[in-house]
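Enquirer:
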Amino acid sequence: MSILVIAEHDNQTLKSATLHALAAATQIGGDVDLLVAGSDCQSVAAEAAAIPGVRKVLVADAPAYGHHLAENVSRLVADLAEGYGYLLTPSTTTGKDFMPRVAAHLVVEQISDVMAVVGPDTFRRPIYAGNAIATVQSSDPIKVMTVRTTSFEAVETSGGSATIESLSQVFEASGTRFVSEALVQSDRPELTSARVVISGGRGLGSADNFAHLYELADKLGAAVGASRAAVDAGYVPNDMQVGQTGKVVAPELYIAVGISGAIQHLAGMKESKVIVAINNDPDAPIFQVADYGLVADLFTALPELIESL
Amino acid sequence: MKVLVAVKRVIDYNVKVRVKPDHSNVDLANVKMSINPFCEIAVEEAVRLKESGAASEVVVVSIGPKSVQDQIRAAMAMGADRGIWIETAETDLGALSIARLLAQVVRDEQPGLVLLGKQSIDSDNNQTGQMLAAMLDYPQATFASKLTVTGDEAEVTREIDGGLQTLALKLPAVVTTDLRLNEPRYIKLPDIMKAKRKPLAQTSPETLGVTPSAGLKLLSVEPPAERQGGVMVESVAALVDALKNQARVL
Ligand SMILES: Cc1cc2nc3c(=O)[nH]c(=O)nc-3n(C[C@H](O)[C@H](O)[C@H](O)COP(=O)(O)OP(=O)(O)OC[C@H]3O[C@@H](n4cnc5c(N)ncnc54)[C@H](O)[C@@H]3O)c2cc1C
Ligand SMILES: Nc1ncnc2c1ncn2[C@@H]1O[C@H](COP(=O)(O)O)[C@@H](O)[C@H]1O
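Protein sequences, first through last, are from chains P and X.
Those letters in the first sequence? Residues 1 to 309, by UniProt numbering.
Those letters in the second sequence? Residues 1 to 250, by UniProt numbering.
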């Protein structure tokens, strides 16, 4: 059975999330094609063609796909679905947006956030904020799924030589109009692929105090994340939220500062290799998942930590 | 304009679930149940649209056994005008079937705007609103953190991985809510009393002409791998030492 993976990209470069979805496809087994739908996205197609194990890169290059609007991308994917046994895309906000529409067009269920491939039709996925793991079996003729990127090691990016095929279908819905985008610019590593992540919570107390975390992050080459409470309070932008309903991260080192450890936060970080917690409340639940816990006032601990590195 | 809101009955977000000993599912016996937090945000937004004059009526719909009436009543206590209960044996029929049932309600009710939560906190699917929009061929905006309705258009700001995106949708449309859209109001006792007298219609998949399908079978449910308990360190110096020499991550 062949597999179509829908690539995540910004029309210039391929997002690493795609490499994790491709890893899940490799585990399922079969010919793997990669769809690049975008606008002026030829550089992405070239990058995609170099990934070993990809048979064919399908490129749909049209203004209609420039902002990855779900209405348009889902029609395209549904149109291409025939002949494929599986449709996969990473479980990012883009993937979550268009993929269920694909499933509805094909009148099948979607399997969200696949974290393990058990067999050709059987998969594992987290439910209840990761407090339970469900094993589900699909009897649908085509398996539509989003892939939890932290559960699959990224595939290699060079050495392959896939053929590139241009598609001419353009699906453009008239009911949705792109108005604007405010993307957060940062020189730090991307949250979901960083080796080290430092997250701050309500304990930081203000947006200004996050400067301590940024300083520490820059010393360690780390990405900075946050709890929902810190985002809700306006200390940091929404794209930094880690958790059940934010981003899922699994770095080698996760440092939680002034975060209590609610189950919704743990859902997004408890697969990290080493967890450090700094909190002045010895009973904070975060210490139950931490490999190293430090009971301290963060305003004295952080400067000391920065100093000693 | 009429606004339709889909609300789901789920385990309360404060409860930590336990997997049943036979691994057939999680144990929901004697567990506190509530309206899904994202659905609560959707109800709040609909009620605010009505209060601002942008909406004329707020209708809530929930699918599941008799107990989901509690959540419909809660939504009516928040300010929704009437409720529709679609009776089924369970709340988790699979997102495809839920979306098909909701699509039929939309065809009957003809709302200008359909609001859903972005995600149920039990199944963590994040699918239903998108499927519903596809079935109706409606525009959609998921992960809404700001919603403005003017004439026959809705402008929606969405929380996406890279930041924020704003879309304009021609109504009727489907919008799913994110955490920052609003802060739901506190329900007051008199409103609970008032909600008891609001109309609540009952219907069924048969009446709606939908036969739920089961494309996905739940084979088993396991507890997640537990993390080994760690150690407490006494000082920043001890922490740095442990990270360098023990964990070797610095
Ligand atoms: C539907 C839903 C979805 C949610 N999704 C998410 C999600 O995706 N991600 C998420 O994070 N949360 C999520 N939450 C919220 C979650 O339940 C918690 O409310 C939130 O994680 C708490 O954030 P916090 O730990 O920063 O704040 P708090 O719980 O207030 O904890 C602050 C901590 O800082 C410590 N502290 C204070 N001052 C200091 C100091 N000077 N030095 C050291 N420590 C200090 C305190 O001891 C405390 O432990 C969700 C909730 C709901 C209902
Ligand atoms: N049984 C149900 N009854 C009513 N609405 C539901 C039901 N299940 C899901 N929904 C709606 O779909 C949204 C997303 O759910 P899900 O796709 O399951 O994550 C929820 O927030 C509800 O608005």
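Yeah, the Cβ is synthetic: ideal placement off N, Cα and C, and Gly gets one too.
Could you tell me whether the Cβ of Val175/X comes closer than 8 Å to any Cβ of chain P?
Expert: no
Enquirer: Could I get the ranges of all uninterrupted beta strand (DSSP E) runs contained in the stretch 132-160 of chain X, with 3 residues as the minimum, in chain order?
Expert: 140-150 and 153-160
Enquirer: Should Thr122/P be flagged as near chain X, meaning a C-beta pair shorter than 8 Å?
Expert: yes
Enquirer: Helix, strand or coil for Tyr292/P, going by three-state DSSP, please let me know.
Expert: strand
Enquirer: Could you please tell me which residues of the stretch 201-226 of chain P, in chain order, have their CB closer than 8 Å to any CB of chain X?
Expert: Leu220
Enquirer: Mapping the DSSP letters down to three states, classify Gly130/P as helix, strand or coil.
Expert: The answer is helix: DSSP assigns Gly130/P an H, G or I state.
Enquirer: In whole angstroms, what is the alpha-carbon distance linking Gln246/X and Ile187/X?
Expert: 52 Å
Enquirer: For the stretch 120-135 of chain X, enumerate the residues whose C-beta is nearer than 9 Å to any C-beta of chain P, in chain order.
Expert: Ile121, Asp122, Ser123, Asp124, Asn125, Asn126, Gln127, Thr128, Gly129, Gln130, Met131, Leu132, Ala133, Ala134 and Met135
Enquirer: Do Leu4/X and Glu109/X come within 8 Å of each other at the CB atom, strictly closer than that value?
Expert: yes
Enquirer: Closer than 9 Å, Cβ to Cβ, to anything on chain X: give me those residues from the stretch 81-93 of chain P, in chain order.
Expert: Ser91, Thr92 and Thr93
Enquirer: My guess is that Leu24/P and Val118/P are in contact by the Cβ rule of under 8 Å, so how many angstroms apart are they, rounded?
Expert: Note on residue identity: the sequence assigns Ala, not Leu, to residue 24/P. Not a contact, Cβ separation roughly 12 Å.
Enquirer: At a threshold of 7 Å, does Phe210/P count as lining ligand 1 (C-beta to nearest heavy atom)?
Expert: Relative to ligand 1, Phe210/P has its C-beta separated by 7 Å or more from all heavy atoms.
Enquirer: If the cut is a Cβ gap below 7 Å, which residues of chain P does Thr91/X touch?
Expert: Under the 7 Å cutoff, chain P gives no residues; its nearest Cβ is about 13 Å from Thr91/X.
Enquirer: Between Asp122/X and Tyr128/P, is the Cβ-Cβ spacing less than 8 Å?
Expert: Between Asp122/X and Tyr128/P, the CB-CB gap stays under 8 Å.
Enquirer: Using a beta-carbon distance below 8 Å, is Asn131/P in contact with chain X?
Expert: yes
Enquirer: By DSSP, does Val117/P sit in helix, in strand, or in coil?
Expert: Under the three-state reduction of DSSP, Val117/P is assigned to strand.
Enquirer: Report the three-state DSSP secondary structure of residue 323/P (helix, strand or coil).
Expert: Only positions 1 to 309 of chain P appear in this structure, which leaves residue 323/P out of reach.
Enquirer: For Ile160/X, go through chain P and note every residue whose CB falls closer than 9 Å to its CB, in chain order.
Expert: Per Cβ cutoff of 9 Å: Thr92, Thr93, Thr94, Asp97, Glu181, Leu183, Asn238 and Asp239.
Enquirer: Helix, strand or coil, according to DSSP, for Ala168/X in the structure here?
Expert: strand
Enquirer: Given Gln264/P, which residues of its chain have a CB within under 8 Å of its CB, disregarding the five upstream and five downstream residues?
Expert: Ala129, Arg228, Gly243, Gln244 and Thr245
Enquirer: How many Å lie between Ser272/P and Met232/X at the Cα?
Expert: 18 Å
Enquirer: Rounded C-beta distance between Leu132/X and Val114/X? I'm assuming under 8 Å.
Expert: 7 Å
Enquirer: To the nearest angstrom, report how far apart Tyr124/P and Arg55/P are at their CA atoms.
Expert: Here the sequence assigns Arg to residue 124/P, which means Tyr is not the residue at that position. Each residue's Cα considered, the two are about 26 Å apart.
Enquirer: Nearer than 7 Å: is that true of the beta carbon of Lys8/X relative to any heavy atom of ligand 2?
Expert: Closer than 7 Å to some heavy atom of ligand 2: that describes the Cβ of Lys8/X.
Enquirer: Is any heavy atom of ligand 1 found at a distance shorter than 7 Å from the C-beta of His265/P?
Expert: yes
Enquirer: Identify which residue in Val15/X, Lys170/X and Asp81/X has its Cα closest to the Cα of Val47/X.
Expert: Asp81/X
Enquirer: Exposed or buried, which one is Arg158/X when buried takes at least 16 other CB atoms within 10 Å?
Expert: buried
Enquirer: With ligand 1 as the reference, list in chain order each residue whose Cβ lies under 5 Å from any of its heavy atoms.
Expert: Residues with their Cβ less than 5 Å from any non-hydrogen atom of ligand 1, running along the chain, are Gly201/P, Arg202/P, Gly203/P, Ser227/P, Arg228/P, Ala229/P, Gly243/P, Gln244/P, Thr245/P, Gly246/P, Gly258/P, Ile259/P, Ser260/P, Ala262/P, Gln264/P, His265/P, Asn279/P, Asn280/P, Asp281/P, Ala284/P, Asp297/P, Leu298/P, Tyr13/X and Pro37/X.
Enquirer: Can you check whether the C-beta of Glu222/X is within less than 8 Å of a C-beta belonging to chain P?
Expert: yes
Enquirer: DSSP state of Val224/P, grouped into three classes?
Expert: strand
Enquirer: For Arg124/P, which of helix, strand or coil comes out of DSSP?
Expert: strand
Enquirer: Helix, strand or coil for Leu181/X, going by three-state DSSP, please let me know.
Expert: helix
Enquirer: Using the Cβ count rule (16 or more neighbours within 10 Å means buried), how would you classify Val184/P?
Expert: Val184/P should be labelled exposed.
Enquirer: Does DSSP classify Ser120/X as helix, strand or coil?
Expert: coil
Enquirer: So for Ala46/P, helix, strand or coil by DSSP?
Expert: In the structure shown, Ala46/P sits in a helix (DSSP, three-state: H, G or I).
Enquirer: Between Ala214/X and the rest of its own chain, which residues show a CB-CB distance below 7 Å, the 5 nearest in sequence each way excluded?
Expert: Gly94
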